[in-house]
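Protein chains in written order, with the numbering used here: chain A, 126 to 342; chain B, 126 to 342; chain C, 126 to 342; chain D, 126 to 342.
C-beta: ideal position from N, C-alpha, C; glycine also.
Computed from a predicted model, the values in this text were never measured in an experiment.
What follows is a set of notes on a single structure, which appears directly below.
Shown next as structure tokens:
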């Protein structure tokens, strides 16, 4: 099957999960507010929920970008690939729940651990999807060399989210700032050379890239 | 009419219905939580809601995959086809409601029955859509043989969801594990041969498949 | 500008507004439920909310189908066209609110009137959009004859929703069953001949229709 | 990477954020309602929330249209571009929260300021994206002259939202009516000539425009 609708469904689930995070903020009580000082105090008290919201949103963006990068290469999807994607999305949909646990019970060890575990599992599933794609014939033109290099690049997020999970009993969601290292670590693991760009992009999005324009003449 | 926007609308409704299921978890009370033990007990008490959430999410994925498979073949849609799709989506949108009934009243017979009935009706509507597609001229190149074989394959989900519905007064949502049989039963009903792949995929998604690239030269 | 993203944004808003309607059901109290009889009584008490939910969902589908039909013809959109579309979507987004008013206060005249007024205004905006499309150069190949016939067909929904609005102080949302007349009335207003089909569908969805396949050879 | 999925994700986030605004209305209490007069009074009391809802919805539409206009030109996106887009969307997702603050605490200075600040930051990020696009090779065929003219046109929204922010301690969300000046100010800043239309639209949406049809023959 073509990947077009899998991508559309995935984009929808990510967009909704990311947007539902704001309901965690909207539901927060600001206490009794009568003056501007009360409101300022109430909003300062929201500092941790707002930080959790922002970090959850941005890590969802990281995982979505990983998905986009993978499916720039993947041109076909079978039942196994779809099921890996479904379980991956199940873990994404859980994020608003584990994020609300993190916000409410951040003073407890278990409260700090659940969100990092959720992210770690989702990222491991993403790594499984790439392993599936390389093994099946889902990718059109990929040299063994490129596949190995892209696979090692995918390891970066697994390692970082694993470290964030292991540190979470002490650091909580602050450990997610480790994701700032994702760029350098990706480049380190992938090696110096940029892999050649996916061959199907031009045709996949209906001819957006330059190479395709000439091909039609 | 072309099926492009019907697919987009359907993907959106499925993505939102699947994601709204998490609100059923977020709204659950964890009781009074002061220590890690309290939180662990509260989360263990969520075991059934989490199971219902996961099973509802995955069956929505099954139904979405059925829709994708059907519309890989269907290239045109008329008013009748759109209305079948609309009623199908109406039943999908009801899932967060019947799923919350299932979570809250799983100790009552009626509480256990509603969600399986909802899934059964949605799957029957999916079967009606395929019957419509074969009868109208919605499918471009399908031999009578392939149509029969694909129709029998679609029966698998109808039979399984019917069985889950009939067993639900005793099993509740646990009966949904029957869906694990969907793959083997589909292959059994369809017969040995894989039907030929849909002809329009290459062109439908704007040229993602390899065959199309050459066709443009 | 191309209409591709206007269509995607519109599909998203319709899908979300239609799915949010179910929250109106999920929030309903079923009273104290201890036995199956209690639950049955509670669910029977939901008969009117469920009817409102279904009717609102299906009329949103009618309005979405009108939008799809219009944009099968419209190939370009300018700022004026986008703003008509935005106000149209604003009225769509209001539907979950007016629908909840209709459910809660159906015993009051004002409670019965708001939802029909909302639908009427949204449908009038849809009619304005078609007037805009015909006047501007948004439609590629449309004879004056076809434009007139399609415009008259669009009148059907305006007339029906207007009648439902005028009858709503007495009938409430039951008046929406008038929409069952939409098909016959559309055919009556349009005249006997089906207008020729939109020219751009084949190319618009990336080549799904048959005509395009040959054009690439 | 191609911009197709960035656009889909963005359309989804905008559609959901815009639709979630209605939850702010649905949650409002109408007080004790027994007669039509009570309901009329309750709805009149919602005048300010409804105004805030409409203004927030329409400004989200303005920002979405800016995004559409930018990505009519942008054909490729790299990591930097995606991160600017992600932060931009983070600010969009915050709108239902700041909008609810604006509705609840409009009698406090801080309550009036937050929503305008949110919009201003989102619009500044949109401006950064254009600066990124011009500097990187994200835009295929854009003369330096057109780039300058389009950049100046983008300044219009920055200036207006800045003015609305500065006036908000006194005017609150009423200051957003300044956005009605966006059209004239855009034309003033851009200069007399309309810039040439984006070259890639025809091919980007799968061949919707006329020029492309011939190109395939």
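Are residue i and residue j closer than 7 Å when you measure CB to CB?
i	j	result
residue 214 of chain D	residue 138 of chain D	yes
residue 246 of chain D	residue 275 of chain D	no
residue 225 of chain B	residue 151 of chain C	yes
residue 273 of chain B	residue 315 of chain B	no
residue 235 of chain D	residue 163 of chain A	no
residue 171 of chain B	residue 153 of chain B	yes
residue 148 of chain D	residue 181 of chain D	no
At what residues does the alpha helix (DSSP H) containing residue i begin and finish?
i	result
residue 283 of chain B	269 to 296
residue 300 of chain B	Run containing residue 300 of chain B: none; DSSP gives neither H nor E here.
residue 235 of chain B	234 to 260
residue 133 of chain C	129 to 151
residue 112 of chain D	Residue 112 of chain D lies beyond the range of chain D shown here (126 to 342); nothing can be said about it.
residue 311 of chain A	307 to 315
residue 170 of chain D	161 to 170
Output needed for residue i: all residues of its chain with C-beta closer than 6 Å, excluding positions within five of it in sequence on either side, in chain order.
i	result
residue 202 of chain A	126, 128, 131
residue 378 of chain C	The structure shown has nothing for residue 378 of chain C, since chain C only spans 126 to 342.
residue 293 of chain B	237, 238, 241, 300
residue 289 of chain A	241, 300, 301, 303
Measure the beta-carbon distance from residue i to residue j and round it to whole angstroms, keeping in mind my assumption that it falls under 8 Å.
i	j	result
residue 243 of chain C	residue 223 of chain C	4 Å
residue 144 of chain A	residue 142 of chain D	6 Å
residue 167 of chain D	residue 155 of chain D	3 Å
residue 133 of chain D	residue 133 of chain A	7 Å
residue 291 of chain A	residue 310 of chain A	With 8 Å as the limit, residue 291 of chain A and residue 310 of chain A do not qualify as a contact, their Cβ atoms being about 16 Å apart.
Please list, in chain order, all residues of the same chain as residue i whose beta carbon is under 8 Å from its beta carbon, the five residues on each side excluded.
i	result
residue 205 of chain D	257, 261
residue 187 of chain A	282, 304, 307
residue 191 of chain D	248, 251, 279, 282
residue 255 of chain D	195, 275, 276, 279
residue 158 of chain A	164, 167
residue 199 of chain B	128, 206, 258, 263, 264
residue 169 of chain D	none
In terms of DSSP beta bridges, what is residue i paired with?
i	result
residue 201 of chain A	A:127
residue 264 of chain A	A:199
Return the chain-ordered list of same chain residues with a C-beta closer than 7 Å to the C-beta of residue i, the five sequence neighbours on each side being excluded.
i	result
residue 231 of chain B	173, 237, 297
residue 342 of chain A	For residue 342 of chain A, the predicted model reports a pLDDT of 26, less than 50, meaning its position is unreliable; a value from the coordinates is still stated below. Result list for residue 342 of chain A: empty, nothing under 7 Å.
residue 177 of chain D	224, 227, 228, 298
residue 175 of chain B	150
residue 212 of chain A	250
Comparing the CB of residue i with every heavy atom of the ligand PLP, is any distance shorter than 6 Å?
i	result
residue 149 of chain B	Looking at this structure, you won't find the ligand PLP or any other ligand, since it has none at all.
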